[in-house]
Structure formats: structure tokens, C-alpha cells
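Input: a single structure, listed below in C-alpha cells.
Residue numbers (the numbering used here): 1 to 99.
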């Protein structure tokens, strides 16, 4: 009998406890830039945090290459190719000319 009462109390506790789903927006508005108009991980930080989200980055100083996430304030929609890697996407450069 005691076991049934304890089970009933546990079930009632779960049914009456409210749970809240919380979502956060990572808007990149608070990220700081130094003298360069972009951040690619060359400071060897390993990534950056925006609010509750951590964006991982890996930088290789021997080759000057990075992988993962970077951020910038470069706004050049005219220059195509690799030299414009930190800019916003250029219209028409998506798959099949979309985007």
C-alpha cells in the first residue's frame, strides 16, 4: 500500500511540475572586431561565444587557413571567389545560380 502511495505522489509531482522551453537567439550583434574587418581565429582562441552558443574555430598559422566559424563586417557583393571569403554571399552564386 505504501508503495502505491509513493508512486502516486511521484506521478502527481511530475504532472504538476511546469517545465519551460527556453530558446535564445544568437544574433552576433555583440561580437567585437579588432583592426581587421573580420575574425577568422588567427588569435588562436579556438572559437567565440555569442550569448549561450559557442562557435568552434580552428586556425592553422603555418598555412594561414581556418575551418569552422568566422565573422566579419565585410559587405562586398561584387568581388567573386576566394578573395571575398569574408563578405556576404554574392547573389546568384548558390547551387544552380540560386541565392
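Every residue gets a Cβ at the ideal spot worked out from N, C-alpha and C, and that includes glycine.
Just so we're clear, the structure is a prediction, and the values are computed from it rather than from any experiment.
Quick check: the segment 82–89 against the segment 46–55, are there 3 or more CB pairs under 8 Å? At 8 Å Cβ cutoff, the stretches do not touch.
Which residues in the same chain as residue 65 place their Cβ atom closer than 8 Å to its Cβ, once the five residues preceding and following it in sequence are excluded? Residues 59 of the same chain have their beta carbon placed closer than 8 Å to that of residue 65, with the five preceding and five following residues left out of the count.
What is the rounded straight-line gap between the Cα of residue 40 and the Cα of residue 57? Distance from the CA atom of residue 40 to the CA atom of residue 57, rounded to whole angstroms, is 8 Å.
What residue range is occupied by the uninterrupted beta strand (DSSP E) comprising residue 66? Residues 65–68.
Length of the line joining the Cα atoms of residue 63 and residue 77: Answer to the nearest angstrom: the Cα atoms are 27 Å apart.
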